[in-house]
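**Q** Chains as they are written, first to last, in this note's numbering: chain E, 722 to 997; chain F, 16 to 303; chain A, 343 to 776.
My structure is below; once you've seen it, I'll send some questions.
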Amino acid sequence: MARAVSTRKRAIYTVIAWTIGLLIFFPILWIFLTSFKTEADAIADPPLFFFFDWTTENYGIVQERSNYLRFLYNSIIISVGSTILGLLIAVPAAWSMAFVPGKRTKDILLWMLSTKMLPAVGVLYPIVLIARSLNIYDTYVLLIGVLTLINLPIIVWMLYTYFKEIPVDILEAARMDGASLRNEILYVLTPMALPGIASTMLLNIILAWNEAFWTLTLTTVDAAPLTAFIASYSSPEGLFYAKLSAASTMAIAPILVMGWFSQKQLVRGLTFGAVK
Amino acid sequence: MATQHSRSAARLMMTPAVILLLGWMLVPLVMTLYFSFLDYRPLRGAFDCCVGFDNYVRFFTSSSFWPSVLTTLQMVGGVLAITVIGGIFLAMLLDQPIWGQGVVRILVIAPFFVMPTVSALVWKNMFMNPVNGLFAYLWKFFGLTPIDWLSELPLFSIIFIVSWQWLPFATLILLTAIQSLDGEQLEAAEMDGAGVVNRFVYIVLPHLARAITVVILIQTIFLLSIFAEVFVTTGGSFGTRTLTYLIYQRVIESQNIGLGSAGGIFAVILANIIAIFLMKIVGRNLDR
Amino acid sequence: MLSSKMLGLTTAIALVATSGALAETLTIATVNNGDMIRMQGLTDDFTSKTGIDVEWVTLEENVLRQRVTTDITTKGGQFDIMTIGMYETPIWGANDWLVPLDDLSADYDVDDILPAMRGGLSVEGTLYAAPFYGESSMIMYRTDLMEAAGMEMPDAPTWDFVAEAARAMTDKDNEIYGICLRGKAGWGENMAFLTATSNAFGARWFDENWNPQFDSPQWKETLEFYVNLMNDAGPPGAANNGFNENLALFQQGKCGMWIDATVAASFVTNPDDSTVADSVGFALAPDTGLGKRGNWLWAWALAIPAGTQQESEAKQFIEWATSKDYIELVAENEGWANVPPGARTSLYENPNYKDIPFAQMTLQSILSADPTNPTVDPVPYVGVQFAAIPEFAGMATQVGQEFSAALAGQQSVDEALAKAQAIATEEMEAAGYL
């Protein structure tokens, strides 16, 4: 929609958009700034914005207390692992729903989404008991499994809506040429659906990274991700804003950076069928 | 087009997802259902079958039950209203020609990447705290008495925090939808003398209907099970006890698994009612 | 095919990581309090002495409690040592969920543990958890503000005096609030304070037949007194303030008085963190002349869940962490003011510790708390700021939410008490007491 707009109008829009954008972003900026302050500066009245003695001591204290890299590593394994596993299960399912729909397809899809509404805490004891009897408490297997199942409905739904936008003719042409079902999915569908798959993957990594109930409840040491790391900084004694900010920055920075770098891919497929 | 062969292949490919989700749903659900008929209080060493519908009666007649359902609906409704309205506004703004559009978009979507726990902790301590929070400084700067957000406006505060997290999601989806809007149609309407309001109501809004439904559906799924934000900020005080939180209190704090399980079963039923209701609408919207 | 390879890789990593746990590693769940974090920093001393590695799981109090309770009730076996309190220990010990600590070495000198602490952590004479530090509650006040108000704090003040002083010290324009008290809902937060305080006002949770007593005039007096005082002389947002929030306020010089855990004394007098370190005085928690003071008794203690594979290693750790030597170790590294207080008699006989300004007041507070006889009228339960029954935590947290809402002005004191009475009655009926 490249309409000709006067420079004045454009300037007004720019100012409004930047103001709102900065307001929305401000809390994150504030976490970042505060993480470089001393505890006393963090609560200074009036608040200090850029002109304070920048210090990295908070990061030192946080790292000394907890092994950040291990939590980070676990977060990466769990979120990436559950996303890949989820895609492996969801791609065939979404394919069949999109291209060979049956009478019940829509119902199945909607039912899948409804499983996501199970209140986690209501099934806490069953899951804990199952995990204990299988002896997989505090392992990647358990965490990846649970997060895959939690996010599977969203993955299937996203892929389904994306696949549906792909013209069926192309697939049929491939079939005419004698492509097997496997080849059809691998070499025709997947390349076309790549933006959708990429976007689904990114969204799921974000969701898995930020999931805080199961990751905290089902881990102890070996598989504990960054959500558990944050749980030890939430209200320590005394002044803690600066340390909390440092820990928060460490917990959200990786995913934030990933999100920014891949935002084009994320946005491209993030339609959930909202656009026809 | 579908041959018998591809039809059965399709079934086969759907099977893993369906079976896994069925197992994920049924196994815990059956166990929860079973627990809900037990006197299961681990701290007392009680694991006794069966108490019939005692747990259900106790859960439903408890004075905190209906308020918690109402709170849940208010919270979900509040967040939906803010994110959808705010999202439409932001999406339309971002669709305008502006300098540095890419950067603004990065700024706007950033909250979506922040862990709910972190976001709740930061809003609670560094912004809403009535003594040391930034809002308190801001209020004092204008000569006003700082508001104690979490006890004076508890529900609003939590809705606000959650909306901040979900606004980017709504904005992104609505933005994609707006960008697909036919510019010529709008221009033609403008030529015909349709005002800004009319153009919005008769062209933009209908075009967005589908996107709005999707936003509502996806967000509702996530919002119904909101926990971390309540746990960190008010701990369910001041009328912010949602159904999820009430169940948490029964299961974890009171260690009455039977009673909590009865609540869990109700929550599942409630979620499904809302789901069916939503999906009727969405299904219709998506079939078009 | 690429993705299936990656999956294989992920699984392989997962297997390596899970099998990587060594036999000689203790997993310890603990709370993120200053003393515990200090202990974490000194773990090397233990490892070098014994060759046993320690893995810390440090969590915020509420999350910790959720994790360890779920673990112990499902026999999850995730931890070799758990940090628990005086409320959990007798209940869990009676269920045989904890390893009895009845064979500690002679060097450990178990008789040196303060009798009040030992009693609270034992079931029928058997110790189930070793106190890492113990606390009561007392008044911490600003000597400079008290002087400016023209008043003098006695060692054992009454509530009337405290209220008068608090109102006199308050200067809201300069953000000086006469008194900071807990308001954040939770059985270990506002209800610890209010239950202990209600004892001083002659109230009690239950009568001898387990009937809840929130409809009594004593509770009404307690709650009205508290709400009025906080409205007049408390900080804004008091209904969200717990121990940590009040500590921060006091350290910033915004509180005239603060009645809370005795362990806070070392934080408010530490010049590194506190802007008012050199003008803090201490006094016993106030009474109303009925014979009971509102000071509680609590210990953070280390316990071994039954079923752990590493019982003897865990005992070695507990002996190290709660020993006299550990206290010396902290004193060497951080100074005497920062040693974990309130657990051992010998600490209070140590000449090096005598000079610490809050030492004697802490000991006196601990000694004057009596969990077996906490109230003016007789009660069927044990515990000063709690009732040691499994149902208490859940019930008290809900009651605490009503009281917190009353403090925030969302409901009247009468409404809060009526709701509290209903909640307690409901819960006690469900538990089969009534």
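Idealized CB from N, CA, C, for every residue including glycine.
It should be emphasised that the depicted structure is a prediction, and the values quoted were computed from it without experimental measurement.
Check L364/A in the structure and name its three-state DSSP category.
**A** Here L364/A scores only 45 on pLDDT, less than 50, and its place in the model is too uncertain to base an answer on.
**Q** Decide if the region 452 to 468 of chain A is in contact with the region 683 to 690 of chain A; the criterion is three or more beta carbon pairs, one per stretch, under 8 angstroms apart.
**A** Contact between the region 452 to 468 of chain A and the region 683 to 690 of chain A is present, because at least three Cβ pairs lie under 8 angstroms.
**Q** Going by C-alpha to C-alpha distance, which of V867/E, A819/E and T860/E sits closest to P888/E?
**A** The option with the nearest alpha carbon to P888/E is A819/E.
**Q** DSSP three-state label for F771/E, please.
**A** F771/E falls in the coil class under three-state DSSP.
**Q** When the Cα atoms are used, what is the spatial distance from A764/A to Y883/E?
**A** In a straight line, the C-alpha of A764/A is about 54 angstroms away from that of Y883/E.
**Q** Using three-state DSSP, classify I193/F as helix, strand or coil.
**A** DSSP places I193/F in helix when its eight states are reduced to three.
**Q** List, in order along the chain, the chain C residues whose C-beta lies closer than 7 angstroms to that of T47/F?
**A** Absent from the structure: chain C. Protein chains present are E, F and A.
**Q** Taking L446/A as the reference, which of E587/A, T485/A, I423/A and T664/A has the closest Cα?
**A** Among E587/A, T485/A, I423/A and T664/A, the Cα nearest to that of L446/A is on T664/A.
**Q** Excluding sequence positions up to five away, which residues of its chain have a Cβ less than 8 angstroms from the Cβ of L223/F?
**A** Cβ neighbours of L223/F beyond the five flanking positions: I103, L189, A192 and I193.
**Q** Provide the residue span of the alpha helix (DSSP H) that contains D413/A, from first to last.
**A** Unbroken alpha helix (DSSP H) run through D413/A: E403 to T415.
**Q** If the cut-off is 8 angstroms on Cβ atoms, which residues from the region 101 to 131 of chain F count as contacting chain E, listed in chain order?
**A** So the list reads L105, L108, L109, D110, Q111, P112, I113, W114, G115, Q116, V118, V119, R120, I121, L122, V123, I124, A125, P126, F127, F128, V129, M130 and P131, given in the order they occur along the chain.
**Q** Quick check: is the beta carbon of L591/A nearer than 8 angstroms to any beta carbon in chain F?
**A** Answer yes: the Cβ-Cβ gap between L591/A and chain F drops below 8 angstroms somewhere.
**Q** Checking the sheet assignment: what are the DSSP bridge partners for Y962/E?
**A** In the DSSP output, where bridge partners are listed per residue, Y962/E has none listed.
**Q** Which bits of chain E does R256/F rub up against, with CB to CB less than 9 angstroms?
**A** Within 9 angstroms Cβ-Cβ: nothing; R256/F doesn't reach chain E, min ~13 angstroms.
**Q** Bridge partners for S479/A per DSSP, in chain order?
**A** Note: S479/A sits in a beta bridge opposite A603/A.
**Q** Could you give the DSSP three-state label for V942/E: helix, strand or coil?
**A** Coil, per DSSP.
**Q** Between T796/A and T400/A, which are expected to be in contact by the criterion C-beta below 8 angstroms, what is the C-beta distance as a whole number of angstroms?
**A** No information on residue 796/A is available, as it lies outside the stretch 343 to 776 that chain A covers here.
**Q** Could you check if T777/E is buried or exposed, using at least 16 other CB atoms within 10 Å of its CB as the buried criterion?
**A** Exposed, since its Cβ has fewer than 16 Cβ neighbours within 10 Å.
**Q** Give me whichever residues DSSP pairs with F548/A in a beta bridge.
**A** Note: F548/A sits in a beta bridge opposite P554/A.
**Q** For S464/A, write down the residues that DSSP places opposite it in a beta bridge.
**A** Per DSSP, L469/A.
**Q** Residues of chain E with CB closer than 8 angstroms to the CB of S276/F, please, in chain order.
**A** In chain order: G843 and Y846.
**Q** Apart from the five residues on each side of it in sequence, which residues of its chain come closer than 7 angstroms, Cβ to Cβ, to A491/A?
**A** Once the five neighbours on either side are set aside, the close Cβ partners of A491/A are A507, A510 and M511.
**Q** So, at 8 angstroms on beta carbons, what are the nonlocal neighbours of W552/A in its own chain, with the 5 sequence-adjacent residues on each side left out?
**A** P722, M770, Y775 and L776.
**Q** Could you spell out the range, first to last residue, of the beta strand (DSSP E) harbouring M493/A?
**A** Counting along the chain, M493/A falls outside any beta strand (DSSP E), and DSSP gives it neither H nor E.
**Q** Does DSSP put I646/A in a helix, in a strand, or in coil?
**A** Here I646/A sits in coil by DSSP.
**Q** Note the first and the last residue of the continuous alpha helix (DSSP H) segment covering F388/A.
**A** Per DSSP, F388/A belongs to the alpha helix (DSSP H) from T385 to T392.
**Q** For W640/A, which beta-bridge partners are listed by DSSP?
**A** W640/A pairs with E477/A.
**Q** Could one say the Cβ of A581/A lies closer than 8 angstroms to chain F's Cβ atoms, at least one of them?
**A** At least one chain F Cβ lies under 8 angstroms of A581/A.
**Q** Taking a contact to mean a Cβ-Cβ separation below 8 angstroms, would you say I646/A touches L440/A in this structure?
**A** Going by C-beta atoms, I646/A is nearer than 8 angstroms to L440/A.
**Q** Listing by chain order, which chain F residues have their CB less than 7 angstroms from the CB of I433/A?
**A** Ordered by position in chain F, the residues that pass the 7 angstroms Cβ test against I433/A are L58.
**Q** Are the C-beta atoms of L644/A and some chain E residue less than 8 angstroms apart?
**A** Judged by the 8 angstroms Cβ criterion, L644/A is not in contact with chain E.
**Q** Below 8 angstroms on the Cβ atoms is my contact criterion, and I expect A538/A with Q727/A to pass it. Report the Cβ-Cβ distance as a whole number of Å.
**A** Contact holds; Cβ gap of about 4 angstroms.
**Q** Mind listing which residues of the region 163 to 190 of chain F have their C-beta closer than 9 angstroms to chain A's C-betas, in chain order?
**A** So the list reads D163, W164, L165, S166, E167 and P169, given in the order they occur along the chain.
**Q** If we define contact as Cβ-Cβ less than 8 angstroms, is F746/E a contact residue for chain F?
**A** True, the Cβ-Cβ gap to chain F drops below 8 angstroms.
**Q** Please state whether DSSP places T777/E in a helix, a strand or coil.
**A** Looking at T777/E - three-state DSSP - the assignment turns out to be coil, as it is neither helix nor strand.
**Q** Return no unless some Cβ of chain A is closer than 8 angstroms to the Cβ of S953/E.
**A** Chain A, which has a Cβ nearer than 8 angstroms to the Cβ of S953/E, makes this yes.
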